[in-house]
Amino acid sequence: MNLNTNMTPFLEKIKNKKIILASNSPRRRELLRGLEIDFEVKAHPIDETVPADIPADYVAAYLSKLKAESYAEQLAEDEILITSDTVVIQEGHILGKPHSDQEAFDMIKSLSGTTHKVMTAVTIVDKGKRTTLEDETLVTFRFLSEEEIWHYVKNYGPFDKAGGYGIQEWIGFVGVSRIEGSYYTVMGFPVHLIYEELKKW
146 MNLNTNMTPF LEKIKNKKII LASNSPRRRE LLRGLEIDFE VKAHPIDETV PADIPADYVA
206 AYLSKLKAES YAEQLAEDEI LITSDTVVIQ EGHILGKPHS DQEAFDMIKS LSGTTHKVMT
266 AVTIVDKGKR TTLEDETLVT FRFLSEEEIW HYVKNYGPFD KAGGYGIQEW IGFVGVSRIE
326 GSYYTVMGFP VHLIYEELKK W
């Protein structure tokens, strides 16, 4: 049994549990580690096809739950699973992860000078309980020049990021003029909500 040995005293209730993060995201690993939680990473690809009739605001929660379901049957009694998903929504439409330089450029260009919504959902599961948390943040970009956008795309290759950008990278430093909500929700992991939820477990 691989139990947590470096657990913050505020999370004493789960000190005998093994935390599993089902995500390959280095940002989520970094943020969960910041809660002073020992955990292991287990991640396998799943079909993330979303039914066409699901509104954009519900997609993050749908995918977070879908990821959890793919692992739930494998959980042991002493394990807690955490899954997450983030979507960038502009005018009711989801901007996914870009597949090329041009697609990343076009996404960021469309966000330039506008305000969009970022929604992140987290599902926490053990053998007897399951809960899904949701959070949203509004992000405003100043007007970005084409040269600035291309600099970011060419140097940072944001192909693993919803909306084609990472707020914690250069584009966020120079381009984001305002956020309303949690910065960590935009990064893809609302750690304040996760911490409060784990305190209840």
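As numbered in the numbering used here, residues 146 to 346 make up the sequence shown, in order.
Cβ coordinates follow ideal geometry from the N, Cα and C atoms, glycine included.
Values in this document were obtained by computation on a predicted structure and should not be read as measured data.
DSSP-derived helix/strand/coil call for residue i
| i | result |
| --- | --- |
| L289 | coil |
| A201 | helix |
| F184 | strand |
| L220 | coil |
| A266 | strand |
Buried versus exposed, by CB contacts within 10 Å (16 or more), residue i
| i | result |
| --- | --- |
| V155 | The identity of residue 155 in the sequence shown is Phe, whereas the question assumes Val. Looking at its Cβ environment, which holds fewer than 16 other Cβ atoms inside 10 Å, F155 is exposed. |
| E224 | buried |
| F318 | exposed |
| I199 | exposed |
| G320 | buried |
| R323 | exposed |
| I269 | buried |
| P171 | exposed |
| P190 | exposed |
Inter-residue spacing [alpha-carbon to alpha-carbon] between residue i and residue j
| i | j | result |
| --- | --- | --- |
| K306 | H261 | 15 angstroms |
| E214 | L343 | 19 angstroms |
| E222 | K272 | 6 angstroms |
| V327 | A201 | Residue identity differs from the one stated: residue 327 is Ser in this sequence, not Val. If I take the Cα positions, the gap works out to 19 angstroms. |
| T194 | I316 | 29 angstroms |
| E325 | V284 | 7 angstroms |
Where the alpha helix (DSSP H) through residue i begins and ends
| i | result |
| --- | --- |
| T259 | First-last for T259: undefined, no H or E at that position. |
| L176 | P171 to R178 |
Enclosing beta strand (DSSP E) for residue i [first to last residue]
| i | result |
| --- | --- |
| T330 | Taken as a continuous stretch (DSSP letters only), T330 belongs to no beta strand (DSSP E), being part of the alpha helix (DSSP H) at Y328 to M332. |
| V336 | Where V336 is concerned, there is no enclosing beta strand (DSSP E), although the alpha helix (DSSP H) it sits in stretches over V336 to K345. |
contact_flag[the region 240-250, the region 265-283] where n(CB pairs < 8 angstroms) is 3 or more: no
Cβ contact (3+ pairs, closer than 8 angstroms) linking the region 283-303 and the region 213-232: no
At least three beta-carbon pairs within less than 8 angstroms, the region 173-186 to the region 202-209: no
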